[in-house]
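Read the structure below first, then the notes.
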Amino acid sequence: MIFGYSTLFAADEVEHALADAGAARRLLHQRRPDLIPRIEAVVARITRGAGDPRHADAALLGLARLGLRHGGFGDDPHDYHNEDHVMELAERRLARVLDSLGEDGLPADDWLALLLFAACHDLRQREPRDVHGPVGGNEAASIAETFRILDACGFERTADRDQYVALELMIAGSTFDPRPLPHPEGEAMASVAGGSLARGLGLWLDGERPQWASDPATRRGERLGRMASDLDTANVGEPFPLLAQSALRLCRERERRAGRSLGEAAAGPACLGFLSRGQLNYFFELHRFCSREGDRVFGPTKVANGPAVRAVSAALLARFQDQAPASGQAVLDAFEALCADAGG
């Protein structure tokens, strides 16, 4: 559509194994039958019971493929980027925004696009190459696969162009740059560095696609991209126990991907850094709400979480100040106990 990523990343064995919504439903019936009615319930709420089989099918196909590729249905399980992460966005966080704004707060197609974002934005997690510009390789590959998912579920690239463009920009905007500011490549990259790309996506498009704002579909996609980014990073604005659990899941996933066992001493410093200074950097420096809606819904809880994030990080560093942790698991156990004391 806009970036041309669909020609850069081919289908893999997971796509071939789950070629359509029927295959996805069969897998989910076997492994997680609860997920099908839960996704369908979100669609029913958005459409006031009218339903839309294409959107439900596409969400289930994206969810099932992620579960087979990186979640609980396959042989490369990720602790964070898996089918349960889809549901915390598609069900818990999206419901919170719906409750706040009301079903009429956005057109139904916008709500449905946010649902598809939840299901498809993390489809690929192990891409070995990036693409030109600030969009990550995982995100670019996820865009390419999302287009094929839409195709397989009855969407048409001409008639339904608005949804393709929206998903392209939403997933691109979910690229998260963990590098601290100032950006190492200089001031020229400052507008698209540090945290979610969605905050600077419009500025980047100004340089790369100067006419983008004249296209209503692209303007819509950029706006929804900012809302989608806030859904993706809304752990900062959820009750503190949920924020703590998301940090633990991400830490476990990082260590697994780094090839370190949590029982090893070598994992200790990495886990300590991530769960202390890393959380402070993410929460206070990198994270910013990208939309008015996200700030309205999740901002007050983020403010309330701030003191606990600072207190737990300081206490965790103090716990291991005089003696290095014996293992990564020792750090996770200490962090979990401190969070229980701080957040109930």
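Read in order, the letters of the sequence shown are residues -12 to 331 in the numbering used here. From the three backbone atoms N, C-alpha and C, an ideal C-beta is built for every residue, glycine too. The model shown is predicted, which means the values in this text are computed figures rather than measured ones.
Asked: If you compare alpha carbons, which of Arg166, Glu240, Pro20 is closest to Ser183?; Found: Arg166
Asked: Apart from the five residues on each side of it in sequence, which residues of its chain come closer than 6 angstroms, Cβ to Cβ, to Glu132?; Found: Leu110
Asked: Buried or exposed: where does Asp217 fall if 16 or more other Cβ atoms within 10 Å of its Cβ makes it buried?; Found: buried
Asked: For Leu102, which option in Leu50, Ser278, Gln316 has the closest C-alpha, if you only look at C-alpha atoms?; Found: Leu50
Asked: Let's test the definition: count the other Cβ atoms within 10 Å of the Cβ of Ser332 and tell me whether it reaches 16, buried, or not, exposed.; Found: Given that the chain is displayed from residue -12 to residue 331, the structure contains no residue 332 and the question cannot be resolved.
Asked: Where does Asp164 sit, in a helix, a strand or coil, going by DSSP?; Found: strand
Asked: According to the neighbour-count rule (16 or more other Cβ atoms, all chains shown, within 10 Å of its Cβ), is Gln150 buried or exposed?; Found: buried
Asked: Tell me where the alpha helix (DSSP H) around Thr288 begins and ends.; Found: 279 to 306
Asked: Going by CA-CA distance only, name the one from Cys277, Leu249, Gly260 that's closest to Met157.; Found: Cys277
Asked: Hey, how far is the Cα of Met176 from the Cα of Pro24?; Found: Confidence in Met176 is poor, its pLDDT being 46 and thus under 50, which makes the residue's placement too unreliable to answer from.
Asked: Using the C-alpha atoms, what's the distance from Gln266 back to Ser300?; Found: 7 angstroms
Asked: Have a look at the DSSP bridge pairing and note the partners of Ser183.; Found: Phe163
Asked: Excluding sequence positions up to five away, which residues of its chain have a Cβ less than 6 angstroms from the Cβ of Glu280?; Found: Met214
Asked: Indicate whether the contact test is met: 3 or more Cβ pairs, each with one atom in the segment 88 to 104 and one in the segment 29 to 38, closer than 8 angstroms.; Found: yes
Asked: Evaluate Asp62 with the Cβ neighbour count: other Cβ atoms within 10 Å of its Cβ, from every protein chain shown; 16 or more gives buried, anything less gives exposed.; Found: exposed
Asked: Taking Thr162 as the reference, which of Arg148, Ala146, Ala128 has the closest Cα?; Found: Ala128
Asked: What do you reckon, are the CB atoms on Leu22 and Leu14 nearer than 7 angstroms?; Found: no
Asked: Measuring only the C-alpha atoms, how far is Ala77 from Ala106?; Found: 7 angstroms
Asked: Go to Cys140, then tell me how far its alpha helix (DSSP H) extends in each direction, as first and last residue.; Found: Where Cys140 is concerned, there is no enclosing alpha helix (DSSP H), given that its DSSP letter is neither H nor E.
Asked: To the nearest angstrom, how far is the alpha carbon of Phe285 from that of Val223?; Found: 8 angstroms
Asked: Within 10 Å of its beta-carbon, does Arg12 have 16 or more other beta-carbons around it, so buried, or fewer, so exposed?; Found: buried
Asked: So, at 7 angstroms on beta carbons, what are the nonlocal neighbours of Leu88 in its own chain, with the 5 sequence-adjacent residues on each side left out?; Found: Glu280
Asked: On the three-state DSSP scale, how would you describe Phe276?; Found: coil
Asked: If you compare alpha carbons, which of Phe142, Ala252, Leu230, Cys238 is closest to Ala295?; Found: Leu230
Asked: Roughly how far, in whole angstroms, is the beta-carbon of Glu2 from the beta-carbon of Arg52, given that I think they are within contact range, below 8 angstroms?; Found: 7 angstroms
Asked: From Val290, Ala10, His42, pick the residue whose C-alpha is nearest to that of Gly141; which is it?; Found: His42
Asked: Over what stretch of residues does the alpha helix (DSSP H) that includes His72 continue unbroken?; Found: 70 to 74
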